[in-house]
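Student:
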Amino acid sequence: MSDNTNHLRLKLPAICFLLQLFTIILFAVFVRYDHETSARLWHQELRQHNKSKLENDFYFRYPSFQDVHTMIFIGFGFLMTFLKRYGFGSVAFNFLIAAFAIQWSTLIQGFFHSFHNGKIYIGIESMINADFCSGAVLISFGAVLGKTSPVQLLLMALFEVTFFGINEYILLSVLGAKDAGGSMTIHTFGAYFGLMVSRVLYRPQLDKSREKEGSVYHSDLFAMIGTIYLWLFWPSFNSAITAHGDDQQRTVMNTYFSLAACTLATFAMSALVNGEGKLDMVHIQNAALAGGVVVGTSGEMMLTPFGAMIAGFLAGLISTLGFKFLTPILDSRLKIQDTCGVHNLHGMPGILGALLGALVAALATQDVYGDGMTDVFPLIADGSRTATSQGVFQFFALLITLGFAVVGGSLVGAVLKIRILGSPLDTQCFEDQIYWEVPADHPDGYGHMMAVNSEDQERSASI
Amino acid sequence: MSDNTNHLRLKLPAICFLLQLFTIILFAVFVRYDHETSARLWHQELRQHNKSKLENDFYFRYPSFQDVHTMIFIGFGFLMTFLKRYGFGSVAFNFLIAAFAIQWSTLIQGFFHSFHNGKIYIGIESMINADFCSGAVLISFGAVLGKTSPVQLLLMALFEVTFFGINEYILLSVLGAKDAGGSMTIHTFGAYFGLMVSRVLYRPQLDKSREKEGSVYHSDLFAMIGTIYLWLFWPSFNSAITAHGDDQQRTVMNTYFSLAACTLATFAMSALVNGEGKLDMVHIQNAALAGGVVVGTSGEMMLTPFGAMIAGFLAGLISTLGFKFLTPILDSRLKIQDTCGVHNLHGMPGILGALLGALVAALATQDVYGDGMTDVFPLIADGSRTATSQGVFQFFALLITLGFAVVGGSLVGAVLKIRILGSPLDTQCFEDQIYWEVPADHPDGYGHMMAVNSEDQERSASI
Amino acid sequence: MSDNTNHLRLKLPAICFLLQLFTIILFAVFVRYDHETSARLWHQELRQHNKSKLENDFYFRYPSFQDVHTMIFIGFGFLMTFLKRYGFGSVAFNFLIAAFAIQWSTLIQGFFHSFHNGKIYIGIESMINADFCSGAVLISFGAVLGKTSPVQLLLMALFEVTFFGINEYILLSVLGAKDAGGSMTIHTFGAYFGLMVSRVLYRPQLDKSREKEGSVYHSDLFAMIGTIYLWLFWPSFNSAITAHGDDQQRTVMNTYFSLAACTLATFAMSALVNGEGKLDMVHIQNAALAGGVVVGTSGEMMLTPFGAMIAGFLAGLISTLGFKFLTPILDSRLKIQDTCGVHNLHGMPGILGALLGALVAALATQDVYGDGMTDVFPLIADGSRTATSQGVFQFFALLITLGFAVVGGSLVGAVLKIRILGSPLDTQCFEDQIYWEVPADHPDGYGHMMAVNSEDQERSASI
């Protein structure tokens, strides 16, 4: 038994209890039901404005929320189960850190966006935003998957949510940038934050765990559950907080076509770049999703269906090429070990999506948007900004996001290096047995390997 | 070939045909489309009340219904696939008995709640309630999982639905208790009913099947599909039939935060109670869900977000401790063999939820609820009851539920002991091969074990 | 390495790029946002008709759309993963061809149904219809599963979508037939189209791959994910494009009860037809779904709940019997190799559903439908047709569908025989290794078999 795991017995409970109790206290002090969630406030509003109960925003946001919720817990969770010996950790640590992040981000985002008279008022929209923020943390988790302890991951979530909140506040509230589906705030931020953490935590000896970094046949099928759910519900993700009416429907449609075109591009490139013309599950599981990322900013705009398709198509190409050619270089040259290839799925498509958003914003005309301009670009509609300057602000938003991600990720990476946090040894990466009771003495499946590995563990622990 | 299985050839078809045909006849005689489902009635209502088609309650309940439906068939079904050799039985018997229970409970609940002029009128709300009732049956199924034949299970569903209907009627209609998410009617009832059935069917020789009671690596991942879906959609479960508007949104939010806090408590306790500091998949798969159970009664009340968190946190602690310390005692001392640990996931958290509901009801004030009091506590709002007496009635509701569960479960357990129902031998528990054509002569996966077991079967059959 | 796979390196990218670019160009020329999706048009409508943003049809169709979307990509995709060595191909080729089909059918259906002033206007309803059309293609895919290259499948989708569009136009717009859930347009058409393709592509030497046509324990569990999702969301499928209000709610309810009764019938028949009284996963995975198919036409009509149950019950019986007795005959006598048994799940229940629809239509009376007649049978309501003649038209619609399916399938089958399309050898069917990088040198799972098979491949390639 390694020292690491013995320490986990106290460290993990300690950080879980601490974070949860601290969160409960802050909720008790600051968080209240908003005007649609409180019995008194909502019924007051009903009476004063002669409203119908059916106008509660619950009915117009909750189905989207549930799709996003599915993406966060099933989508991200199962996407990462492709690792043959890290399925428990993938789906369950995803579960743990998302469960914490949605609470913590309710506080952080609440302070920035719905803090009135010393209280944070929350409702269905804050729940969607909390899930979004936890999405960014899970993207970063993808970069460090299998190489970090749950204690490290919870600390990463604590800090990353905070940086996320500040960056999002600057983008949306200070710069007036639009980013409903989070090409910048979620994908670009989450990816480069995670890559920087991974850079700081670089493991020169990771080759000792490489044989465990692959998949088995059925772990690839589990991962496809994650992939397909992310793909399916991405239209809900991008549209979940856009303005009611045409905006939501248009965002859904753009995302739908972008993803469809991206899928064909991914299959094509996957066969093309493989020497034998075979398809690679890694590409299908990941690059086919880049079409959702790339229209995260522009999805609510008048992108046109064929514009969405072109965007998705390019994202699929770039992402697949990234998996084939860039990931190995990041590892060998830049010392960035990116377990899930988040740079290819979220990083590059996120940047492309931000640039596309800036372009489409700069091209906005009254003729195309009509009265709908108010919902999509309120600052253009009220005359305080031209379309071109909106485009420029969008571009600056990307730069600021990259800055926050790189600086934040580096700082947090440094914090996570603290020895006491129980990071696994280089020989123990991508291995559930470090943190989990694993069915072991079973003649099927993983039985034999586990036994072998158990010896490895002893050895590495005694080093 | 054992005698049991040969008999199944006629018994299972016989009971399926009998129950289904009987149900069809009762539906033909009694069941009619309600005012929102019938073409004539709804269009009459549209004309008379100058309504819009979009006010049909379908649009305000159906998304919740589909989430609940997913929990019943995917959630419960896959949660139980953790057993390495009972995956087919887990997901498919769950499917079978739920498919029967939703039909039967439409009748039973219809007689109690929507019987007018000799007819039962049904619509989207009756579908949700039918799914709820089948949830209770599936909880009981969890207690006896792997130790009962499908014939026994269908009979259990037949009787349990009936007891459920009576208990629910007494609680909601006679006592005026509130229990929208079913801490009492569904979880407490289903758990203790199943535990009593399991007690009556106690198998002193079950150790002969113990080696099959565990999981393999991938069966634990299949189970996580069930867990995560239950966790995700629990907010929809608790809110599916609460009043429109703030009530639904508040219930969703309370459940969301309760579950999040419960998850952290579960991970913490799981690491703490394990000697080596490792996490146990059984805890994560089950105890992390106790946060949904515990706010089943109080979720629609003004519990406050931090109140929900405290409830969920405690539920996670209790549930994990139950799995570690109580389940073995139930088995050895009380002769209750609880395959899925429903006592920890549904039993104790259900009781805690009922008590919490009584407490929060007793604390209700006009100041906090405003005009919304009518929706949450109509009997307090119209002055026919004080908050304190509502709390007392809630408490009595718990006692009555426990009574019905214990008496009902004992009686039904006695019925299920009838020899002809084809209960598996003690050596054949947790084994799909008794009831299923299983891929057998395959070099991968389960091939070898199955062959070995086949001999076991012959032997036990000839005893 | 076989010649086939080497060629795939260029062929698959070529056809993907070609189809996608061609589609993008057609979208650029023809496809525009409709009046609810365009910022300008919707806000114009809001102003002119004094509407609320919340009346956008997005809110009343999107949850149904997402359920249908889940059925197409998760439901169909995972249902087909039952094959032990074709899991990647099942879920991923399903993904590929559906991603293409939804784009292509948006164009084809758009030309027939929403072509105004030289443009196709699209919104949420066209997205549902596109998913429906891709459902038909995926049904045909089920018939040829494991025996066709992805290049062949994309070509099949290209042509089948076109035939589908013509047939659907004739049924709905020319004949005025009703078929909201697609018993005819989707299930009957997709099944017989696929069976004819399979007939033309008959492989007399398929026995060489038979050992690979089975399942392993966990592949059957993956398939159950598909089954349960299809079962769960079928009510949404049948109701997704019916009229608002009672129609949608009634369709949901009819489908719900039909499926429940079908499930009991399936379990009963499965045990009955098996010599040892054991249940067969193939039946549960497939026949239990026939209850959704059989009410595809009549679901929106005043079928009554018990009528729906009878229909589902019969569908379950017929479908299970078909798997047991008809599929082997189709293969041996009619030379139709039906991998997934689509004849039993979609073919026969589809025809039964069409006949049931004709019957229920012929029995429609003003007394039963009231003012709701306008929504269900507009041509009866406005006096241009009697109920009987509506029934007759429904029946002709079935005949025309069968005609289009048989002729279309035969023609497309002939096209797919072109040698260059890279059809797998008879020894290589049901085998992922032909098209995929498969985790191979791994001691677990499929490692050993794959190695053996690799030699097979060499040999067959050199023949």
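Those protein sequences? They're chains A, B and C, same order as listed. If you're matching positions, the first sequence starts at 1 in full-length UniProt numbering and goes up one per residue. If you're matching positions, the second sequence starts at 1 in full-length UniProt numbering and goes up one per residue. If you're matching positions, the third sequence starts at 1 in full-length UniProt numbering and goes up one per residue. All residues carry an ideal CB built from backbone N, CA and C; glycine is no exception.
(1) Where does L158 of chain C fall in DSSP's three states?
(2) Going along the chain, which residues of the stretch 282-297 of chain B sit with their C-beta nearer than 8 Å to a C-beta in chain A?
(3) Measure from the alpha carbon of K208 of chain C to the alpha carbon of each residue in C:L399, C:M348, C:K147, then state which is nearest.
(4) Give the DSSP-derived three-state secondary structure of K178 of chain C in the structure shown.
(5) By DSSP, does K119 of chain A sit in helix, in strand, or in coil?
(6) If we define contact as Cβ-Cβ less than 8 Å, is residue 470 of chain C a contact residue for chain B?
(7) Quick check: the stretch 112-126 of chain C against the stretch 15-33 of chain C, are there 3 or more CB pairs under 8 Å?
(8) Do G226 of chain B and V342 of chain B have their C-beta atoms closer together than 8 Å?
(9) What in chain C is Cβ-close to G146 of chain A, meaning under 9 Å?
(10) Can you pull the chain C neighbours of N56 of chain B, defined as C-beta to C-beta under 8 Å?
(11) Under 7 Å: does the beta carbon of K84 of chain A sit that close to some heavy atom of the ligand SAH?
(12) What are the partner residues of W436 of chain A, as DSSP defines its beta bridges?
(13) Checking 8 Å against the spacing of the C-beta atoms, do D220 of chain A and M302 of chain A come in under that value?
(14) Could you please tell me which residues of the stretch 385-409 of chain B, in chain order, have their CB closer than 9 Å to any CB of chain A?
(15) I want to see whether chain A comes within less than 8 Å of C340 of chain C, judged by CB atoms only; does it?
(16) Using a C-beta cutoff of 8 Å, does F17 of chain B count as contacting chain A?
(17) Run down chain A in chain order and give the residues with a C-beta less than 8 Å from the C-beta of V91 of chain C.
(18) To which residues of the same chain is A358 of chain C closer than 6 Å at the C-beta, ignoring the five residues directly before and after it?
(19) Hey, could you find the ends of the alpha helix (DSSP H) Y369 of chain C is sitting in?
(20) Note down the Cα distance separating F95 of chain B from N56 of chain A, rounded to an integer number of angstroms.
(21) Excluding the 5 residues flanking I400 of chain A on each side, which residues of the same chain have their C-beta closer than 8 Å to its C-beta?
(22) Let me check understanding here. Comparing Cα to Cα, which of C:R333, C:A14, C:M80, C:Q249 lies closest to G214 of chain C?
(23) When Cβ atoms are compared, which residues of the stretch 117-146 of chain B fall closer than 9 Å to chain A?
(24) Does any C-beta atom of chain C lie closer than 8 Å to the C-beta of H49 of chain B?
(25) Can you give me the C-alpha to C-alpha distance between S149 of chain C and L83 of chain A, rounded to a whole angstrom?
(26) Taking Cβ positions, are T266 of chain B and G142 of chain B nearer each other than 8 Å?
(27) Could you tell me which of B:Y217, B:H116, B:S114, B:T188 sits nearest to L138 of chain B, measuring between CA atoms?
(28) Taking the straight line between their C-alpha atoms, what separation do you get for P424 of chain B and A92 of chain A?
(29) Check the C-beta distance from G291 of chain A over to G181 of chain A and give it rounded, since I have them as a contact under 8 Å.
(30) Return yes when the Cβ of L259 of chain A is within less than 8 Å of the Cβ of G307 of chain A, no when it is not.
(31) Do L352 of chain C and A397 of chain C have their CB atoms nearer than 8 Å?
(32) Kindly say whether K53 of chain B, judged by its beta-carbon, lies nearer than 8 Å to any beta-carbon of chain C.
(33) What separation, rounded to the nearest whole angstrom, lies between the Cα atoms of S198 of chain A and I336 of chain A?
(34) Would a C-beta distance cut-off of 8 Å place G408 of chain C and F163 of chain C closer than the cut-off?
(35) Would you please verify whether the beta carbon of F313 of chain B is less than 8 Å from any beta carbon of chain A?
(36) Count the CB pairs spanning the stretch 62-81 of chain B and the stretch 232-247 of chain B that are closer than 8 Å, and state whether there are at least three.
Tutor: In short:
(1) helix
(2) I284, A288
(3) C:K147
(4) coil
(5) strand
(6) This structure cannot settle anything about residue 470 of chain C, because the visible part of chain C is limited to 1 through 463.
(7) yes
(8) no
(9) Those do not exist, as G146 of chain A stays about 17 Å from chain C at its closest Cβ, beyond 9 Å.
(10) H244, G245, D246, Q248, Q249
(11) As for the ligand SAH, it is missing from this structure, which has no ligand bound.
(12) B:L279
(13) no
(14) none
(15) no
(16) no
(17) L221, M224, I228
(18) G391, Q394, F395
(19) 366-369
(20) 35 Å
(21) N167, I170, L171, L175
(22) C:M80
(23) none
(24) no
(25) 28 Å
(26) no
(27) B:T188
(28) 34 Å
(29) The Cβ separation is near 12 Å, so there is no contact.
(30) no
(31) no
(32) yes
(33) 6 Å
(34) yes
(35) yes
(36) yes
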